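Participant: In my numbering, the protein residues as written are 1175 to 1640.
Supplied in structure tokens, the structure appears directly below.
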Ligand code: PMP
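Structure below.
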């Protein structure tokens, strides 16, 4: 199918309100034309002008099975022909939904009981926050409501999930965060540790801070702690040694629920099926989205642990029906897409690929970048990784923000045919390729990234001489 590129570009410019886009620069054309993405196969996408790009970020950490998997397209079409929609209110279901839910309860870490569905990671976190409040109301602890999240955590951009997100630019000018949400320090050893502090000592300090925060708010006022097993949008930062054990001990002591936001880490990215399995996390509630359908259909889920669910069911005689649900909760096409995607994840052992090819990826990332003079830290786990650039390695001094080093490196990669994302909170180049990526493709991705980094490094050297 051929399209009229300039017609589409002008329709888009006139009528789409794009997320994360400088509205004036886009409207005036200063950003150039929109990229019209037309097709995708494996780890590559192609735009309407025929340019191919390697998607080193799997869309937004979501197209885990890669693009163009016809098995999933067929499963979606089959379900659309059979039954495009029915709701799941008042005990209605579909075969695909029941099969998926049984599967998720069995796959998920910890003692899970039920699955509630939404359409996005944000709304699933919204559901999990409401479940924390509902749970504590039903068990007669109506003050136990504050949710503690972490600075640099990302949990979505709706009202509660956006409040839980620990990044000020999601709050500024949007009247967030809500007062029910409080933030604690990010577990990032490179920036957070004191001189000579080991990872384990740093983790213990972060846990002690969490303990003090809960004491200050009052344990009777704290409902839950929400965290990603691996900080994602906050800089692709794996937890320091001992962090999860120390943090969970504090939560247990104060009877505070743990919500594991597995929107990125769910379904294989760390090399284990869930990040919680990778780090010994025992969540009470789990949030999944993205990899659940590899983004072939919008679908998210709140997986509810037995401890929480039991209170909900026991309270039903007092409060009546569980009054929460979306028109599209448990959408049958989404369920069919998820079942087809999980078949691929299991058959092709994508967590195993993330472990094996991921180990190669992590080693190569270190080998190619760790010694460069503008690189402060190389980090990652499985098939998620990041390079953080600094002006002064010895003094751990960041580049001046006006130099836009991260954005320039990301752009240089893009100009060479690779999408690798410039991330907030410093100058960070992030990678999160589809989980089907091969060693050869890892070499391709990192060769382009290295050429991009070296070109900007040369530019910076020129600028500092000038
Ligand atoms: N949680 C995490 C950990 C995420 O990475 C994201 C999305 N990047 C979300 C929640 C929100 O998901 P969505 O954009 O689908 O609302």
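Virtual Cβ for every residue (Gly too), placed ideally from N, Cα, C.
Every value quoted in this text rests on a predicted model; they were computed, and no experiment measured them.
#1: Check each candidate in 1562, 1302 and 1418 and name the one with the smallest Cα separation from residue 1374.
#2: Assuming contact is defined by CB atoms lying nearer than 7 angstroms, are residue 1587 and residue 1605 in contact in what I supplied?
#3: So who's on the other strand from residue 1290, going by DSSP bridges?
#4: Leaving aside the five residues before and after residue 1401 along the sequence, list all residues of the same chain whose C-beta is less than 8 angstroms from its C-beta, in chain order.
#5: Taking only the alpha-carbon atoms, compute the straight-line gap between residue 1319 and residue 1357 and give it to the nearest angstrom.
#6: Applying the criterion that 16 or more other CB atoms from any shown protein chain within 10 Å of the CB defines a buried residue, is residue 1197 buried or exposed?
#7: Can you tell me whether residue 1344 is buried or exposed, with buried defined as 16 or more other CB within 10 angstroms of its CB?
#8: Nearest to residue 1267 by alpha carbon, out of 1247, 1289 and 1284?
#9: Would you mind working out which of 1566, 1534 and 1361 sits nearest residue 1545, comparing C-alpha positions?
#10: One question on the structure: do residue 1414 and residue 1363 come within less than 7 angstroms of each other, judged by their Cβ atoms?
#11: Contact criterion: CB-CB distance below 7 angstroms. Does residue 1623 meet it with respect to chain B?
#12: Quick check: the segment 1180 to 1190 against the segment 1574 to 1593, are at least 3 beta-carbon pairs closer than 8 angstroms?
#13: I'd like the span of the alpha helix (DSSP H) that includes residue 1619, first residue to last.
#14: Taking Cβ to Cβ, would you say residue 1654 is nearer than 7 angstroms to residue 1591?
#15: Taking one C-beta from the segment 1497 to 1514 and one from the segment 1216 to 1226 each time, how about it: are there three or more such pairs within less than 8 angstroms?
#16: Once you ignore the five residues that flank residue 1543 on each side, which residues in its own chain have a CB closer than 6 angstroms to its CB?
#17: Which partner residues does residue 1595 have in the DSSP bridge list?
#18: Any contact of the segment 1249 to 1257 with the segment 1623 to 1632, i.e. 3+ C-beta pairs under 8 angstroms?
#19: In three-state DSSP terms, what is residue 1431?
#20: Cα-Cα, which of 1308, 1211 and 1405 is closest to residue 1127?
#21: Classify residue 1176 as buried or exposed, calling it buried when 16 or more other Cβ atoms lie within 10 Å of its own Cβ.
#22: Does the pairing of the segment 1510 to 1521 with the segment 1268 to 1279 give three or more beta-carbon distances under 8 angstroms?
#23: With distances taken between CB atoms, is the gap from residue 1556 to residue 1444 smaller than 7 angstroms?
#24: Buried or exposed: residue 1464, going by 16 or more other Cβ atoms within 10 Å of its Cβ?
#25: By how many angstroms is the C-alpha of residue 1264 removed from the C-alpha of residue 1272?
#26: Hey, is the segment 1330 to 1338 in contact with the segment 1390 to 1397, meaning 3+ C-beta pairs nearer than 8 angstroms?
#27: Check whether the Cβ of residue 1296 sits closer than 6 angstroms to any heavy atom of the ligand PMP, and report yes or no.
#28: Can you tell me which of 1621, 1489 and 1378 puts its alpha carbon nearest to the alpha carbon of residue 1311?
#29: Are there 16 or more other CB atoms within 10 angstroms of the CB of residue 1347, so buried, or fewer, so exposed?
#30: Considering residue 1558, what are the terminal residues of the beta strand (DSSP E) in which it resides?
Facilitator: According to the data block:
#1: Out of 1562, 1302 and 1418, the CA that lies nearest to the CA of residue 1374 is found in 1418.
#2: Cβ distance not < 7 angstroms, so residue 1587 and residue 1605 don't count as in contact.
#3: Per DSSP, 1476.
#4: Excluding positions up to five away in sequence, the list reads 1323, 1324, 1327, 1421, 1432, 1433, 1434 and 1435.
#5: If you take the alpha carbons of residue 1319 and residue 1357, they lie about 14 angstroms apart.
#6: Counting Cβ neighbours within 10 Å, residue 1197 comes out exposed, since fewer than 16 surround it.
#7: So residue 1344 counts as buried.
#8: That would be 1289, whose Cα lies nearest to the Cα of residue 1267.
#9: In terms of CA proximity to residue 1545, 1566 leads the group 1566, 1534 and 1361.
#10: Taking 7 angstroms as the cut-off, the beta carbon of residue 1414 is found closer than this to the beta carbon of residue 1363.
#11: No chain B appears in this structure, which consists of one protein chain only.
#12: No: fewer than three Cβ pairs fall under 8 angstroms.
#13: For residue 1619, the uninterrupted alpha helix (DSSP H) run begins and ends at 1613 to 1639, by DSSP.
#14: No statement about residue 1654 is possible, as the shown extent of the chain runs from 1175 to 1640 and does not include it.
#15: No, the segment 1497 to 1514 is not in contact with the segment 1216 to 1226.
#16: By the criterion of a C-beta distance shorter than 6 angstroms, residue 1543 is surrounded in its chain by 1549, 1552 and 1561, once the five residues flanking it on both sides are discounted.
#17: According to DSSP, residue 1595 bridges with 1604.
#18: For the pair of segments examined, the segment 1249 to 1257 was found not to touch the segment 1623 to 1632: the number of CB pairs separated by less than 8 angstroms stays below three.
#19: If DSSP states are grouped into helix, strand and coil, residue 1431 belongs with the strands.
#20: Only positions 1175 to 1640 of the chain appear in the structure, and residue 1127 is not among them; the question remains open.
#21: Around the beta carbon of residue 1176, a 10 Å sphere encloses fewer than 16 other beta carbons of the protein chains shown; the residue is thus reported as exposed.
#22: Contact holds: three or more Cβ-Cβ distances are below 8 angstroms.
#23: Result yes, Cβ atoms of residue 1556 and residue 1444 sit closer than 7 angstroms.
#24: When all chains shown are included, residue 1464 counts as buried.
#25: As the crow flies, the alpha-carbon of residue 1272 is around 14 angstroms from that of residue 1264.
#26: They do not touch, by the three-pair rule.
#27: Yes, Cβ of residue 1296 sits closer than 6 angstroms to a heavy atom of the ligand PMP.
#28: The residue among 1621, 1489 and 1378 with its C-alpha nearest the C-alpha of residue 1311 is 1489.
#29: The residue in question, residue 1347, is exposed, as its Cβ has fewer than 16 Cβ neighbours within 10 Å.
#30: It spans 1558 to 1563 - the beta strand (DSSP E) in which residue 1558 sits, taken as one unbroken run.
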